[in-house]
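Following the numbering used here, the numbering of the sequence shown begins with 183 at its first residue and continues without gaps.
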Amino acid sequence: MSLQKYWAKRDFTITQEPRGQLENAGAQLRFYIQKHHARNLHYDFRLEIGGTLKSWAVPKGPSLDPDDKRLAVEVEDHPLAYGSFEGSIPKGQYGAGHVILWDKGTWEAIGDAEQGLKSGSLKFQLHGHKLHGKWALVRMKGASAAESKNNWLLIKEKDAESRKGKDAKITESSSESVNGLPDLEQPTAKTDTENELAITQTSTPIPDTFKPQLATLAARAPAGEQWLSELKYDGYRALSRIDEGAVKMLTRNGHNWTDKWPRLAEALSELPVNSAWLDGEVAAIDDDGNISFQLLQNAMKQGQDAKLVYLVFDLMYLNGYDLTDMPLIKRKELLQTLLASQPETSAIKYSHHASGPAHEVFKQACLQGQEGIVVKNAQAPYVQARTHDWLKVKCGMRQEFVVAGYTDPAGSREKFGALLLGTYDAAGKLIYAGRVGTGFNQDSLKQVADHFPALTVSKTSFLNPPTGRDAVGVHWLKPKLVAEVKFAQWTEDGLIRHSSFVSLRSDKPAKNIFREVSQVPDDEFQPVVSTLPSSTNRRAELAGVKISNPAKILFIDHGYTKLDIARHYVNMEQWILPYLQDRPLSIVRCPDGYDHECFFQKHVAIGKHSHLKPIKLDAETNKSEYFIANDLSAIIELVQLGVLELHTWGSQYPISALADRLIFDLDPAPDVAWDKVTEAAVLLKGLLQEIGLQSFVKTTGGKGLHVEVPITASYPWDVVKPFTQGIAQYLEKHIPDRFTASISKKKRAGRIFIDYLRNADGATAIVPYSTRARKGAPVATPLHWDEIGDRIQADSFNIKNIGDRLKHLQADPWADYLKIKQGLNADIIKLFSTAV
C-alpha cells in the first residue's frame, strides 16, 4: 500500500489536508466517514488497513437498508492522519470543497481483510457513533477492467442495526459532524432516541473549573469566509457550570458571582441538560432595547436583576462530552438547539452571529453606535487562552486602565478633576498612560470618589509619574481600581489622547491590565498575541544595538516580534557568523512584517557608528558600494531595520570575482510531492560524487532544498555558471519527467526546477540559520544527508524550534563545509560546459 498517489494529487503548501505517512496499526482498527461537499456531494468511506486508510467515495452515502446497495468508488489510499480532517480544500486543489467528519469509530474484519480486498468481498463489523453492526463491500463486475477494479457496493447486512424505509436514511436524519466526540473503542448499543442533546453515555466527568477563551485586539475586521461575527457586548463575561440542576456562574477570573445573578442562575437550572459548561456575557437591556453597562452596574448595586440577560455564545461541555475540540460552528448549532425550547421571556438568550466577511458587519455595528464586534474562526476549537481564532474589532479605541491617582476638581466640578491612568509592563511596573477627565456624571463621580479614602497613599505607584505642571494638584492612590476608557489614539510617548470615562470594572484585577496592541489580520490569521507590553515596546538593547519598537509584530501568524527575531540571532551567533564572514550581503526588509510590503536591497545607508562594514567591489565586477555583516551587532542592526532575510554572495570580499561555492536550488512546482524533492537532492548528490565533489544540503525555509558545494576560490563566474548550468541540463536530459533547467513556469509543471542561476556575479542565496519572510518565521537549516526524507520538510524549522534541534545535535551537519578544499577538474568543467 502506498501514499504516492495521494501526495501527488495535492500541494500541501496550499491545502490544509495532512500530508501524513504510513503508520503501524494500533490495538484497534479505525474507520472514518467524511461528508465532502465537492463538485458533487458524496461521502468518503475509509477503513484502516495496512497503515493507511483504504478509501471509497460513496455518492449517496451509506444506507441502513440491506436492500439499498450504495455505489462505492475505490480511490487512492489516504494517510491515517486524514481521518480526523475537517475544513475547506481550496479552489484549484484536488477535491476542492468543504469536508466534515460525519462518523468515526472502530471496525473489525469478518474473516481475512486482505484476502477480502483481493477477492472483492470484504465483510466487517462497525462500531461508530452513527453506523453499527455488520456491513460488506462487494466489488462490481463492470464492463471494463477499470470498472471491475474500482466500483464496489457498500451494503448493510441484515442484523439488529439494519432499518427500513425512512429510518434507513441515516444521512438525512443525522447530518452533523461528530468531530470532538470521543473515539469509541468498544461496541456500544445506540437507542433510536439518542441525539446530540440526549447522549446516554458518560465519557468525561464535568470539569470543576473552566478558563475563558479570550480575543485578540485587531486593527481591522479580517477578510475571508471562515469567520463568524458577533456583537461585542458591554457587560460582564460569565462562564456557567450546570451539574444536575446546580448552577455556578463565574467571572472571567474565576470569581463566583452566582449570588449576584440569582434570576439568571435559576433560569440556567431549568435548561434541559444534565451537565453543561456555557460561555456568554451578562448584560442589561434598557427600555429602548439597548445594552447599557451603567444599567447593569446599577442593577447589581441595588440587587435587582430583572432587566439582566445572559447572552450565551458558546457551549464547551454537554452531558458527559467535552466539546472543546469540536468546530465553533458545530458548538453553536448544538447551543442553539439547546436554547430553542426557552420561552421569549427567558433571561437566557442565544447570541446570534453573522457568517462570512466581517468588514460589512463591523461597518453596520459602528453605524448603529455599537462598541464593536468579536470575529471568530468558525472551524476553530475552544481554547482556554487568548488566541487569534477570536478577534475583537472596536469602533473606537477602548480598553481598561489602572487608576493610581486623581487631580483636584476645578470650576463647578465636584469630587475630582481627572483620573491618572496606567498599565502594567512585563516586569510588573505600572507605566503612566495619561488621564481622563470627561465622560463623568454626578453618579459616576460619586461612585469613583467613594473609593478614594481607603486607597489614598503618599507615594506614587507609577514607574514614570507625571512631572512639572502635570503633577500639580495630584493625589496618589493604591493601584486597585480599574476603569474602562474610550480614547482617540496613543501618542509616541505612550499617552492616550481625547479620553472619555466609560465605567469602573470590578471583574478585572488591576494586575492583569496591560496595554492592548492591535494587529492587522489577514485571511489566515491564526497567531498568538504578543506578551510584550508598552514599556518594553519603547526600547531594548542587544549586542550594543538599541532596538526601537521591539514589541512590533513582524510575523503576525505566531505573534513573533522584532525582539524575538533579534533574540533568534543572538542564539544563532556561533552558527550563522561563519557563513556571513566577509561575504557581500543582500537583504529582504519587511518593516511592517512579512505579510506587508517587503523589498530586496543590495545597498543600505551606513552611518558613522554603524556595525555594518561598507565595501567597494573591484572595478572589474562592480564599483557600487555594498556591505558585509561580520559580527552579531551588525546582524542586530539589520533586524532593527526590519530585515527578515539575509542573502550572501557565492564569493568572499575582497576576491569577489572568484566563486568559492556552487549552489543548486531545487525549486518544485506546486504539484510536486515532497518525496520527489528529496529524491532529486539525493540524485544530485550522487551525480556530484561521480565527478569528485562533496556536497551539503539545507532546507530553505521556503519550498525546496539547496545543495551546496564549497570549492577553492579559483574559478571566475564565467566558468562556474556554464558548468552548473550544464549539470542542470544533464539531469533534465536524462530524467525529463522529473527535472527542468528552464526558468519558464510553463515548462515546470510537475517537475523540479534546478535553479543554477545563483551561480553568477552578484547572485545570492539564503544564509544558513537566517529567517525567511514567510508564515511561521521558518529558518534555513543545514541537514545531515541521512536526514533527507519525509520527516523534515522545507519549512520544518523555525525560530521556535531551531534551538532545540541544535541543542540535541550530536554533530554539526556542515562541520566540514568551511574546511573542505575542492577543486574542479578541467575535463569535467569542459564536459558539462560544452553542452550549454
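The beta-carbon is built from N, C-alpha and C at its ideal position, and this holds for glycine as well.
Query                                                                                                                                                                             : Result
Can you list, in chain order, the residues of its chain with a C-beta nearer than 7 angstroms to that of Cys548? Leave out the 5 residues immediately preceding and following it. : Cys577
Spell out a yes or no on whether the segment 397-412 and the segment 446-462 are touching, meaning 3 or more CB-CB pairs, one atom from each, closer than 8 angstroms.            : no
Distance, Cα to Cα, Thr384 vs Leu500?                                                                                                                                             : The pLDDT assigned to Thr384 is 40, lower than 50, so where the model puts this residue is not dependable; a value taken from the coordinates is nonetheless given after this. C-alpha separation (whole angstroms): 10 angstroms.
Just mark Asp390 as buried or exposed, buried being the case when its beta carbon has 16 or more other beta carbons within 10 Å.                                                  : exposed
Please tell me whether Asp919 and Lys885 are closer than 8 angstroms, where the distance is taken between their beta carbons.                                                     : no
Could you have a look at Tyr951 and say whether DSSP puts it in helix, strand or coil?                                                                                            : coil
Quick check: what's the CA-CA separation for Ser359 versus Leu308?                                                                                                                : 18 angstroms
Compare the Cα-Cα distances from Gly868 to each of Ile196, Leu913 and Gly621 and report the closest residue.                                                                      : Leu913
Under the rule that 16 or more other beta-carbon atoms within 10 Å means buried, what is Thr620, buried or exposed?                                                               : exposed
Three or more C-beta pairs closer than 8 angstroms, one from the segment 727-745 and one from the segment 952-964: is that the case here?                                         : yes
Would you mind working out which of Leu460, Pro444, Lys483 and Tyr492 sits nearest Ile467, comparing C-alpha positions?                                                           : Tyr492
I'd like the ranges of any alpha helix (DSSP H) spanning at least 4 consecutive residues and lying wholly in the segment 844-932.                                                 : 856-872 and 899-916
Would you call the segment 233-246 in contact with the segment 197-216, where contact means no fewer than 3 C-beta pairs closer than 8 angstroms?                                 : yes
Does DSSP put Phe696 in a helix, a strand or coil?                                                                                                                                : strand
Kindly indicate which three-state DSSP category Asn332 falls into: helix, strand or coil?                                                                                         : helix
For Glu343, which residues from the same chain have a beta carbon less than 6 angstroms from its beta carbon, with the 5 sequence-adjacent residues on both sides left out?       : His314 and Gly315
With distance defined between alpha-carbon atoms, name the residue in Pro950, Trp967 and Ile1002 nearest to Ile981.                                                               : Pro950
In three-state terms, what does DSSP make of Asn983?                                                                                                                              : coil
May I ask you to list the residues that DSSP assigns as paired with Asn559?                                                                                                       : Trp409
When the Cα atoms are used, what is the spatial distance from Ile424 to Gly436?                                                                                                   : 15 angstroms
When you compare the CB positions of Asn1007 and Gly789, do they come within less than 8 angstroms of one another, or not?                                                        : no
Skipping 5 residues on each side, what residues in its chain have a beta carbon closer than 6 angstroms to that of His541?                                                        : Ala403
Measure the C-alpha to C-alpha separation of His535 and Ser730 and round it to an integer number of angstroms.                                                                    : 40 angstroms
Report the rounded CA-to-CA distance for Ile984 versus Asp853, giving the unit in angstroms.                                                                                      : 28 angstroms
Checking 8 angstroms against the spacing of the C-beta atoms, do Leu283 and Glu268 come in under that value?                                                                      : yes
Rounded to a whole number of angstroms, what is the C-alpha to C-alpha distance between Pro200 and Ala263?                                                                        : 6 angstroms
What residues match up with Ser457 in a beta bridge as DSSP calls it?                                                                                                             : Asp425
Between the alpha carbons of Ile196 and Tyr188, how many angstroms are there, rounded?                                                                                            : 15 angstroms
Please look up how many angstroms separate the CB atoms of Phe846 and Tyr938, rounded, as I've assumed it's under 8 angstroms.                                                    : 6 angstroms
Compare the C-alpha of Leu865 against each of Ala910, Glu827, Ser833 and Gly883 and name the closest.                                                                             : Ala910
I'd like to know if the segment 580-596 and the segment 610-629 are in contact, where contact means that at least 3 CB-CB pairs between them fall below 8 angstroms.              : yes
Taking its Cβ as the centre, do 16 or more other Cβ atoms sit within 10 Å of Thr370, making it buried, or is it exposed?                                                          : Below a pLDDT of 50, predicted positions are generally treated as unreliable, and Thr370, at 33, falls in that range; no measurement from the model is reported.
Along the beta strand (DSSP E) that carries Lys576, what are the first and last residues, could you check?                                                                        : Arg568 to Lys576
Are the segment 498-517 and the segment 553-569 in contact at 8 angstroms, needing three or more beta carbon pairs?                                                               : yes
In the DSSP assignment, find the alpha helix (DSSP H) that holds Leu477 and state where it starts and stops.                                                                      : Phe475 to Lys483
With H, G and I counted as helix, E and B as strand and the rest as coil, what does DSSP make of Arg580?                                                                          : strand
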